[in-house]
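Chemist: Residue 5 is where the sequence shown starts when you use our numbering, and the numbers rise one by one after that.
The structure is given below, and queries will be raised subsequently.
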Amino acid sequence: MPTSSGHSPAPSPSWTRVYRVLRHPAPAAEERVLLVAAHPDDETIGAGARLELLPNLRILHLTDGAPLERRWWGDPTLATREVYARFRRRELEAALALAGVGPGQLRTLGITDQCASEDLVALTRAMRDEIAEWAPSVILTHPYEGGHPDHDAAAFAVHAACRALRAVSGGAPLVVEFACYHLATDGTLRTGAFLGRSAATLRLTAEQRERKKQMLACFRTQQRTLSPFGISVERFRPAPAYDFSDPPHAGRLHYEQFDWGITGEEWQVRAEAALRALGLAGTGPRR
Ligand SMILES: [Zn+2]
5 MPTSSGHSPA PSPSWTRVYR VLRHPAPAAE ERVLLVAAHP DDETIGAGAR
55 LELLPNLRIL HLTDGAPLER RWWGDPTLAT REVYARFRRR ELEAALALAG
105 VGPGQLRTLG ITDQCASEDL VALTRAMRDE IAEWAPSVIL THPYEGGHPD
155 HDAAAFAVHA ACRALRAVSG GAPLVVEFAC YHLATDGTLR TGAFLGRSAA
205 TLRLTAEQRE RKKQMLACFR TQQRTLSPFG ISVERFRPAP AYDFSDPPHA
255 GRLHYEQFDW GITGEEWQVR AEAALRALGL AGTGPRR
């Protein structure tokens, strides 16, 4: 059974709910959860041990996990981008089957990997439609940390869709984040922990660790990418309010170390323009 350790977040209704939804035993059967992941494998990295505890779960992937450029593929010997995307889908289904999650629980927007931030307005509208259809009480997703532009796009779309929903109906699902990765101040890649703020740290049992190891092993084309990720704990927190026109942290972002076709500054310009187009400019936290 997972236990909490590490930071002791201040008790608040949203923290209480995070624990109620994610800790075993007594998974909250009445909660409908939408897990929004940028890539096939993010759900396993961030919340692999939680998935079997969530009876009303749908998982939405933004991308098919296959970038345009072959040099970024986990297996550059494959014939086409579409073939690589099919490999990634099969790996995903094999991993999730180990957690009792079937293909019928999966949805994908099918965007090309590395391109999720290209049209943040369309992405937010698609997210709003998915939320309207599944009607989740809780959304589990990425934090805004500059780890990958697609992760930040997922955070943007969830927050923007929820802000729009709140404006119309007065309510929106509770947004909970799973820890991903970001560039630490010493220039190293920090995995499985949040930037700055506190987290609920759920320690995996031996059985959960073994299953998560097997799930991660299913992503055969991603083994090099997955090697820095541990399996001993998973961390979660209620999402903070973000100003997406500000960088997630000072200095260089993790994805700016690679030639993925976008800088942090360009990402923020896209976010600002999308917030204006969606009528959400100025609805974020006050600076
Ligand atoms: Zn990812």
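Positions of the beta carbon are idealized from the N, C-alpha and C atoms, including for glycine.
1) Where do the ends of the alpha helix (DSSP H) carrying Ile49 lie?
2) Considering only the beta carbon of each residue, do Pro242 and Leu169 sit closer than 9 Å?
3) Which one or two residues does DSSP pair with Asp117 in a beta bridge?
4) Indicate, with yes or no, if ligand 1 has a heavy atom lying under 8 Å from the CB of Ala42.
5) Give a single yes or no on whether Asp133 has its beta carbon closer than 8 Å to a heavy atom of ligand 1.
6) What span of residues does the beta strand (DSSP E) with Glu181 cover, start to end?
7) Near His43, what residues of its chain come up, given a Cβ to Cβ distance below 6 Å and the 5 sequence neighbours on each side ignored?
8) Check whether the region 199 to 212 touches the region 111 to 120, counting contact only when three or more Cβ pairs, one atom from each stretch, lie closer than 8 Å.
9) State yes or no: is the C-beta of Pro55 within less than 9 Å of the C-beta of Gly104?
10) What does a CB cutoff of less than 8 Å around Leu102 pick up in its chain, not counting 5 residues either side in sequence?
11) When every heavy atom of ligand 1 is checked, does at least one fall within less than 8 Å of the C-beta of Cys119?
12) I'd like to confirm something about His328: is its beta-carbon nearer than 8 Å to some heavy atom of ligand 1, or not?
13) Can you round the beta-carbon distance between Phe248 and Ala204 to whole angstroms, since I take them to be within the 8 Å contact cut?
14) Applying the criterion that 16 or more other CB atoms from any shown protein chain within 10 Å of the CB defines a buried residue, is Thr81 buried or exposed?
15) For Ala51, I'd like the list of residues in its chain whose CB is within less than 7 Å of its CB, leaving aside the five on either flank, ordered along the chain.
16) Does the distance between the C-beta of His186 and the nearest non-hydrogen atom of ligand 2 fall short of 8 Å?
17) Report yes if the C-beta of Asp46 is less than 8 Å from at least one heavy atom of ligand 1; otherwise report no.
Modeler: To lay it out plainly:
1) Asp46 to Ala51
2) no
3) Pro71
4) yes
5) no
6) Leu178 to Phe182
7) Thr67 and Gly69
8) no
9) Before going further, note that residue 55 is Leu rather than Pro in the sequence given. Yes. Within cutoff.
10) Arg215, Gln218, Met219 and Cys222
11) no
12) It is not possible to answer for residue 328, since the shown part of the chain is limited to 5 through 291.
13) Not confirmed; about 24 Å, so no contact.
14) exposed
15) Leu39, Leu144, Phe182 and Glu238
16) Although ligand 2 was asked about, the structure shown includes only ligand 1 as ligands.
17) yes
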